[in-house]
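J.: The listed protein sequences derive, respectively, from chains A and B.
By full-length UniProt numbering, the letter at position 318 of the first sequence is numbered 318, and the numbering carries on one by one without gaps.
By full-length UniProt numbering, the letter at position 82 of the second sequence is numbered 82, and the numbering carries on one by one without gaps.
Quick reminder that beta carbons are idealized off the backbone N, C-alpha and C, glycines included.
A quick note: this is a predicted structure, and the numbers were derived from the prediction, not measured.
Protein chains: 2
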Amino acid sequence: MLRDYQFEQIEIAPDIEECLENAKLELSKKQMLLKEKKLPVVVLFEGWGASGIGTTLGKVIQNMDPRFYNVETMNKISEDEQRKPFLYRYFLRIPENGMATFYDHGWMNDVTREYMHKQISKKQYYQRIESIQKFERTLVDNGYIVIKFFFHISQLEQATRTHKLLKNKNTKWRVSDEDLWQNKHYDEYLSLYDEYMNVTNDTYAPWYIIDATNKKLAQLQVLETLMSCIQERLEHEKQDAPLIDNVFEMREKIHLEDYDLSVNISEETYRRELKKCRKKLMKLHNKLYRKKIPVIIAYEGWDAAGKGGNIKRVTSGLDPRGYTVYPIAAPDKSELNRHYLWRFYKRLPKDGHIAIFDRTWYGRVMVERLEGFCRENDWQRAYNEMNEFEKELYDWGAIVIKFWVQIDNQTQLERFTERQNTPEKQWKITEEDWRNREKWDLYENAIEEMLQKTNTVFAPWYVLESVDKKYARIKAMKIVIREIEKRLG
Amino acid sequence: MLRDYQFEQIEIAPDIEECLENAKLELSKKQMLLKEKKLPVVVLFEGWGASGIGTTLGKVIQNMDPRFYNVETMNKISEDEQRKPFLYRYFLRIPENGMATFYDHGWMNDVTREYMHKQISKKQYYQRIESIQKFERTLVDNGYIVIKFFFHISQLEQATRTHKLLKNKNTKWRVSDEDLWQNKHYDEYLSLYDEYMNVTNDTYAPWYIIDATNKKLAQLQVLETLMSCIQERLEHEKQDAPLIDNVFEMREKIHLEDYDLSVNISEETYRRELKKCRKKLMKLHNKLYRKKIPVIIAYEGWDAAGKGGNIKRVTSGLDPRGYTVYPIAAPDKSELNRHYLWRFYKRLPKDGHIAIFDRTWYGRVMVERLEGFCRENDWQRAYNEMNEFEKELYDWGAIVIKFWVQIDNQTQLERFTERQNTPEKQWKITEEDWRNREKWDLYENAIEEMLQKTNTVFAPWYVLESVDKKYARIKAMKIVIREIEKRLG
Chain A
1 MLRDYQFEQI EIAPDIEECL ENAKLELSKK QMLLKEKKLP VVVLFEGWGA
51 SGIGTTLGKV IQNMDPRFYN VETMNKISED EQRKPFLYRY FLRIPENGMA
101 TFYDHGWMND VTREYMHKQI SKKQYYQRIE SIQKFERTLV DNGYIVIKFF
151 FHISQLEQAT RTHKLLKNKN TKWRVSDEDL WQNKHYDEYL SLYDEYMNVT
201 NDTYAPWYII DATNKKLAQL QVLETLMSCI QERLEHEKQD APLIDNVFEM
251 REKIHLEDYD LSVNISEETY RRELKKCRKK LMKLHNKLYR KKIPVIIAYE
301 GWDAAGKGGN IKRVTSGLDP RGYTVYPIAA PDKSELNRHY LWRFYKRLPK
351 DGHIAIFDRT WYGRVMVERL EGFCRENDWQ RAYNEMNEFE KELYDWGAIV
401 IKFWVQIDNQ TQLERFTERQ NTPEKQWKIT EEDWRNREKW DLYENAIEEM
451 LQKTNTVFAP WYVLESVDKK YARIKAMKIV IREIEKRLG
Chain B
1 MLRDYQFEQI EIAPDIEECL ENAKLELSKK QMLLKEKKLP VVVLFEGWGA
51 SGIGTTLGKV IQNMDPRFYN VETMNKISED EQRKPFLYRY FLRIPENGMA
101 TFYDHGWMND VTREYMHKQI SKKQYYQRIE SIQKFERTLV DNGYIVIKFF
151 FHISQLEQAT RTHKLLKNKN TKWRVSDEDL WQNKHYDEYL SLYDEYMNVT
201 NDTYAPWYII DATNKKLAQL QVLETLMSCI QERLEHEKQD APLIDNVFEM
251 REKIHLEDYD LSVNISEETY RRELKKCRKK LMKLHNKLYR KKIPVIIAYE
301 GWDAAGKGGN IKRVTSGLDP RGYTVYPIAA PDKSELNRHY LWRFYKRLPK
351 DGHIAIFDRT WYGRVMVERL EGFCRENDWQ RAYNEMNEFE KELYDWGAIV
401 IKFWVQIDNQ TQLERFTERQ NTPEKQWKIT EEDWRNREKW DLYENAIEEM
451 LQKTNTVFAP WYVLESVDKK YARIKAMKIV IREIEKRLG
């Protein structure tokens with residue numbers, strides 16, 4: 001699409017200043033409507049070096065209320081960000097409902113530049129484009145308005161601009177080596193951009209090419225596009241997003257009733273195995289750290305199934321400087337007002353580190369589904385979204401292990417009763433636990449569906465039979481050991 | 001205190017393993033009491049290189065519930081952290097109520113090492129020690145238990161250990177250049193540590209020297225100290241912290257009734273001045289960025305005083321890539337469960353950037369005071385705590401500007417009524433606004449007290465007469481310009 005783009009000689013209307021002023025005022029009114037309707041907006045500014053993105057952006061937002069937008073300059077990738085999945089730094093900066101984020105260069109710029117300079121392979125490049133498509137789609141499916149601009153100038157125009165900037169002492173620093181390199185390789189970049197934009201020109205997040213030859217016209221184009229995109233969304237209630245068929249390779253089906261919950265081990269075996277597993281884990285953790293492999297362990301299970309104690313035994317074999325345990329309760333306001341995976345994205349470990357989640361993103365298809373905290377379309381879409389999320393983690397290089405900690409209804413009742421009757425355990429049991437217990441059958445159905453739809457080869461579920469907690473703990477540790485050993489080869 | 005410490009030959013009891021096991025179990029029970037009573041604990045592990053902090057820490061916490069503590073390894077300062085006040089990275093990691101943070105090396109290590117290697121001057125060094133004392137005190141005053149360990153070994157022991165580690169291929173990487181350097185300069189370090197510890201050995205956060213010659217004994221000492229510190233706190237309700245006399249240089253007293261609210265400017269003057277101020281700000285912003293000077297602008301004022309519009313005019317003269325506006329509403333759960341300044345600390349700008357707060361930490365002595373969201377001792381202490389906080393920012397190099405946006409009671413009523421009657425402005429007005437309005441006199445008293453007690457020379461208040469909003473906007477912009485120009489010299 002970029003390759004075929006024709007720069008046209010456009011007359012600049014004499015009243016352009018007035019048009020711009022009006023458009024800016026109009027936009028600030030639209031912003032208040034976004035605030036009122038709690039709609040979040042993601043605006044991506046991509047384009048050639050020296051195409052004037054920063055200046056234009058500054059002008060466009062001049063009349064907007066600065067409390068309700070953020071401008072994110074993404075040119076430098078921090079050390080910490082380098083140790084996370086490549087979309088992490090963008091996901092982290094998505095706006096809250098009613099707010100807007102303007103990305104001054106975004107994910108397109110990152111991946112095309114890295115590919116051009118051979119910092120990522122062809123395979124990685126195409127994988128990343130796929131990740132980007134999924135990212136943009138899941139944003140839109142979850143209510144975000146995604147608007148993508150490409151600031152286009154010709155090779156000659158770019159050369160002229162950088163030349164002019166370089167001549168002046170005060171503006172010299174604004175020209176980067178990459179800008180100069182890009183100008184020399186304009187044609188190659190044009191091809192790459194063209195292909196990238198063709199592939200990612202999805203109906204839910206189309207591209208808008210801005211002729212940036214004239215700065216005022218560029219401003220006007222951006223303003224008008226922003227307004228029409230927002231207007232369209234304000235006029236139409238969000239439709240249910242289509243459910244996507246599963247495309248991921250699945251492992252064999254899990255049926256909870258197939259698991260024999262009477263399995264157990266003796267105290268003696270437990271002590272011996274615990275010691276052995278700890279030792280092994282200790283060694284493996286060291287290797288993970290040195291090979292910079294991230295590990296994500298997700299715990300789900302019935303209330304009182306023994307998740308806490310299980311996690312404690314796994315971590316007792318780890319170097320405390322290399323892991324974090326995240327207990328996941330109800331989301332904070334700032335979490336509730338963003339894409340539901342945001343609060344997990346922001347808790348991802350650095351490479352070489354381990355993150356253990358005590359309850360996870362699967363809350364979406366259990367408690368949120370059953371308590372009506374999200375719409376039906378939301379939780380139905382979530383199976384695929386979570387598979388995609390875990391695939392991202394896997395592609396990044398992570399080991400993803402998911403545990404379902406299983407007990408039977410009678411065991412839960414006994415443990416609840418014991419907690420209720422033991423003063424120092426009472427904090428562990430709430431009214432809500434008892435209420436959830438009444439919905440056992442509904443939960444059972446939801447859990448079966450979840451286990452079936454998300455048991456992928458790259459992020460498999462393991463059922464831990466936890467009527468005998470000791471058995472479950474040793475089983476968990478052995479699975480963690482096995483999965484790490486498998487990856488280390 | 002460290003210099004006089006005598007290493008003693010201690011017999012190791014034959015049942016040490018059992019003692020350790022018991023102590024670890026005991027500690028895990030104490031942890032549950034902390035959780036129940038919502039007490040937050042900060043544990044600092046400082047000490048010589050190769051004194052075995054990591055290993056000991058790993059053992060000590062083995063029986064604790066990993067969902068309720070964090071181990072923070074602080075050896076590397078990230079690029080982002082380098083661009084913040086030096087305590088930022090520690091403040092950011094303080095635990096929530098009921099949780100514990102274990103710092104694997106902390107602020108003592110940072111400042112002593114930097115001073116030893118002449119990365120900071122003598123003056124800076126002593127300034128930082130003062131900051132540290134205030135930091136530890138404000139944590140304790142706000143309910144934190146602060147426990148500080150120093151792992152002590154002799155020069156010979158350190159040399160033996162590093163030598164042994166270096167001989168083995170697999171452990172070689174654990175010895176840093178700094179460890180070797182430290183061993184060569186053991187005596188100098190001893191003097192520095194000794195002095196540092198003497199100065200910071202405050203009753204609210206005393207030092208515990210751990211003889212780390214024998215690893216098991218070190219473990220036991222740590223475990224027993226942790227338990228007795230926690231036990232003591234569990235047995236005694238927290239007392240009101242003493243109020244500290246102001247020691248900061250103050251500017252002349254502000255009396256709100258001295259301000260003539262009828263001041264105003266014409267539309268024409270406004271337009272002209274706005275344009276001029278924008279231009280100046282644009283240039284100054286560039287210089288701030290290049291000189292890496294951070295700016296913090298705090299807005300407080302009556303509801304409907306015109307804070308939002310005022311901020312908008314100031315930012316309209318700034319490069320959007322270099323500032324962020326933070327609207328401050330009621331704190332999130334994770335914020336409410338920490339020191340009340342935490343949510344502002346985490347929003348501090350990088351050096352060279354500007355942070356604008358729409359409502360601020362002063363909520364403590366206004367809404368929190370008047371609505372009883374904190375105890376009397378809390379808000380009374382807060383004046384000094386906020387002066388100290390702003391002094392930290394100033395010492396870091398920040399320009400701190402505080403605006404009080406002033407209107408009279410009648411003007412507020414008119415604006416409220418207009419908002420209520422204008423459909424697109426209704427979102428701006430809530431029941432709460434009307435309720436607060438009834439307490440005008442109480443607020444007025446609280447505001448006067450706040451302006452008097454926090455009008456320091458390093459972070460002064462400026463009153464903006466905002467019955468004519470245009471007047472207030474130009475005044476704010478001119479003050480920002482003047483303060484920046486003053487700093488740039």
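I'd like to confirm the pairing. Which residues does DSSP put opposite B:W379 in its beta bridges?
T.: Residue 379 of chain B sits at position 379 when you count from the first residue of the second sequence. BP columns for B:W379 are empty, so no partner.
J.: Just to confirm the assignment, what range does the beta strand (DSSP E) spanning A:H152 have?
T.: Within the first sequence, residue 152 of chain A is the residue found at index 152, counting from 1. Here the beta strand (DSSP E) through A:H152 covers I145 to H152.
J.: Is B:V43 close to chain A? Criterion is C-beta to C-beta, closer than 8 Å.
T.: Here residue 43 of chain B corresponds to residue number 43 of the second sequence, with the count starting at 1. Contacts with chain A at 8 Å (Cβ-Cβ) do not include B:V43.
J.: I'd like to confirm the pairing. Which residues does DSSP put opposite A:G301 in its beta bridges?
T.: To locate residue 301 of chain A, count along the first sequence from 1; it is residue 301. A:G301 is bridged to A:V405.
J.: From B:Q31 to A:K346, what distance separates their C-alpha atoms?
T.: What you label residue 31 of chain B is simply residue 31 of the second sequence in a count that begins at 1. What you label residue 346 of chain A is simply residue 346 of the first sequence in a count that begins at 1. Each residue's Cα considered, the two are about 27 Å apart.
J.: Could you check what DSSP says for B:T138 in three-state terms: helix, strand or coil?
T.: One-based indexing of the second sequence puts residue 138 of chain B at position 138. Of the three classes helix, strand and coil, the one that applies to B:T138 here is helix, per DSSP.
J.: Please classify A:E432: does DSSP put it in a helix, a strand, or coil?
T.: What you label residue 432 of chain A is simply residue 432 of the first sequence in a count that begins at 1. Three-state result, A:E432: helix.
J.: Are residue 561 of chain B and B:E136 closer than 8 Å when you measure CB to CB?
T.: A question about residue 561 of chain B goes unanswered here, because the residues of chain B that appear run from 1 up to 489.
J.: Apply the 10 Å Cβ neighbour rule to A:A13 and answer buried if 16 or more other Cβ atoms are within range, or exposed otherwise.
T.: Translated into the one-based positions of the first sequence, residue 13 of chain A becomes position 13. It counts as exposed.
J.: Please find out if some non-hydrogen atom of the ligand GDP comes closer than 7 Å to the beta-carbon of B:D187.
T.: The ligand GDP is absent from the structure shown, which contains no ligands of any kind.
J.: Within 10 angstroms of its Cβ, does B:Y115 collect 16 or more other Cβ (buried), or is it exposed?
T.: Counting from 1 along the second sequence, the entry for residue 115 of chain B is found at position 115. Burial call: buried.
J.: Go through its chain and collect everything with a Cβ distance to A:K253's Cβ below 7 Å, but skip five positions before and after it.
T.: Walking along the first sequence from the start, residue 253 of chain A turns up at place 253. Answer for A:K253: Q452, listed in chain order.
J.: Are the beta-carbon atoms of residue 514 of chain A and A:T55 separated by less than 8 Å?
T.: The structure shown does not extend to residue 514 of chain A, since chain A is modelled only from 1 through 489, so no value can be given for it.
J.: What whole-angstrom Cβ distance do B:I474 and B:Y270 have, given they're in contact under 8 Å?
T.: To locate residue 474 of chain B, count along the second sequence from 1; it is residue 474. To locate residue 270 of chain B, count along the second sequence from 1; it is residue 270. So it is a contact: roughly 7 Å between Cβ atoms.
J.: Closer than 6 Å by C-beta to A:Y193: which residues in its own chain qualify, once you throw out the five before and the five after it? Chain order, please.
T.: Counted from its first residue, the first sequence places residue 193 of chain A at position 193. Excluding residues within five positions, the ones whose Cβ falls inside 6 Å are L2.
J.: In chain order, what are the residue ranges of uninterrupted beta strand (DSSP E) at least 3 long that sit wholly in the segment 296 to 377 of chain A?
T.: 323 to 327 and 354 to 358
J.: Decide if B:Q410 is buried, meaning its Cβ has at least 16 other Cβ atoms within 10 Å, or exposed.
T.: Indexing the second sequence from 1 puts residue 410 of chain B at position 410. Around the beta carbon of B:Q410, fewer than 16 other beta carbons lie within 10 angstroms, which makes this residue exposed.
J.: Kindly provide the ranges of any beta strand (DSSP E) runs that are 3 or more residues long and lie completely inside the segment 22 to 91 of chain B, ordered along the chain.
T.: 41 to 47 and 69 to 73
J.: Please report the Cβ distance between B:I429 and B:R419, rounded to the nearest whole angstrom; I am assuming they are in contact, meaning their Cβ atoms lie under 8 Å.
T.: Locating residue 429 of chain B in the second sequence gives position 429, where the first residue counts as 1. Locating residue 419 of chain B in the second sequence gives position 419, where the first residue counts as 1. Indeed, because the Cβ distance is near 4 Å, the residues count as touching under 8 Å.
J.: Between A:T213 and B:P423, what straight-line distance do the alpha-carbon atoms span, to the nearest angstrom?
T.: Taking the first residue of the first sequence as 1, we reach residue 213 of chain A at position 213. Taking the first residue of the second sequence as 1, we reach residue 423 of chain B at position 423. Computed Cα separation, rounded: 41 Å.
J.: Flag A:K391 as yes if its beta-carbon sits less than 8 Å from any beta-carbon of chain B, otherwise no.
T.: Counting from 1 along the first sequence, the entry for residue 391 of chain A is found at position 391. No, A:K391 does not count as interfacial toward chain B.
J.: Hey, is B:E36's beta-carbon within less than 8 Å of any beta-carbon in chain A?
T.: In the second sequence, the residue the question calls residue 36 of chain B occupies position 36. Chain A places a beta carbon closer than 8 Å to that of B:E36, counting this residue as a contact.
J.: So what does B:A100 bridge to, in DSSP terms?
T.: In the second sequence, residue 100 of chain B corresponds to position 100, counting from 1. According to DSSP, B:A100 bridges with B:V41 and B:Y69.
J.: Are there three or more Cβ pairs, one per stretch, closer than 8 Å when the segment 243 to 250 of chain B is compared with the segment 279 to 295 of chain B?
T.: no
J.: Residue ranges of each alpha helix (DSSP H) run of no fewer than 4 residues wholly in the segment 170 to 252 of chain A, ordered along the chain?
T.: 177 to 184, 186 to 199 and 215 to 235
J.: Shortest alpha-carbon distance to B:S36 belongs to which of A:L27, A:K425 and A:D468?
T.: Mapped onto the second sequence, residue 36 of chain B falls at position 36. Checking the sequence shown, residue 36 of chain B turns out to be Glu, not Ser. Ranking A:L27, A:K425 and A:D468 by Cα distance to B:E36 puts A:K425 first.
J.: Spell out a yes or no on whether the segment 347 to 367 of chain A and the segment 296 to 303 of chain A are touching, meaning 3 or more CB-CB pairs, one atom from each, closer than 8 Å.
T.: The segment 347 to 367 of chain A vs the segment 296 to 303 of chain A: in contact.
J.: In whole angstroms, give me the CA-to-CA distance for A:I10 and A:Y189.
T.: By one-based count along the first sequence, residue 10 of chain A stands at place 10. By one-based count along the first sequence, residue 189 of chain A stands at place 189. The straight-line gap from Cα to Cα measures roughly 26 Å.
J.: What are the boundary residues of the alpha helix (DSSP H) that B:A480 is part of?
T.: Translated into the one-based positions of the second sequence, residue 480 of chain B becomes position 480. The question names Ala, but residue 480 of chain B in the sequence shown is Val. K469 to L488 is the extent of the alpha helix (DSSP H) around B:V480.
J.: When the Cβ atoms of the segment 93 to 113 of chain A are set against those of the segment 367 to 381 of chain A, are three or more pairs found closer than 8 Å?
T.: Output reads no: the segment 367 to 381 of chain A does not touch the segment 93 to 113 of chain A.
J.: So for B:E465, helix, strand or coil by DSSP?
T.: Within the second sequence, residue 465 of chain B is the residue found at index 465, counting from 1. In the three-state scheme derived from DSSP, where H, G and I count as helix and E and B as strand, B:E465 is classed as strand.
J.: Does any C-beta atom of chain B lie closer than 8 Å to the C-beta of A:I311?
T.: Residue 311 of chain A sits at position 311 when you count from the first residue of the first sequence. Taking Cβ atoms only, chain B reaches closer than 8 Å to A:I311, which makes this a yes.
J.: Report the neighbours of B:S78 on chain A: residues whose CB is nearer than 9 Å to its CB, in chain order.
T.: Position 78 of the second sequence, counting from 1, holds the residue named residue 78 of chain B. In chain order: S78, E79 and D80.
J.: Please state if the CB of A:P331 and the CB of A:R313 are separated by a distance shorter than 8 Å.
T.: Stepping through the first sequence from its first residue, residue 313 of chain A is reached at position 313. Stepping through the first sequence from its first residue, residue 331 of chain A is reached at position 331. Not closer than 8 Å, so no.
J.: Alpha carbon to alpha carbon, how far is B:K478 from B:E257?
T.: Stepping through the second sequence from its first residue, residue 478 of chain B is reached at position 478. Stepping through the second sequence from its first residue, residue 257 of chain B is reached at position 257. Rounded to whole angstroms, B:K478 to B:E257 spans 22 Å at the Cα level.
J.: On the DSSP letters alone, give me the boundaries of the alpha helix (DSSP H) that B:A398 sits inside.
T.: By one-based count along the second sequence, residue 398 of chain B stands at place 398. Segment: none, B:A398 is in no alpha helix (DSSP H) and carries neither H nor E.
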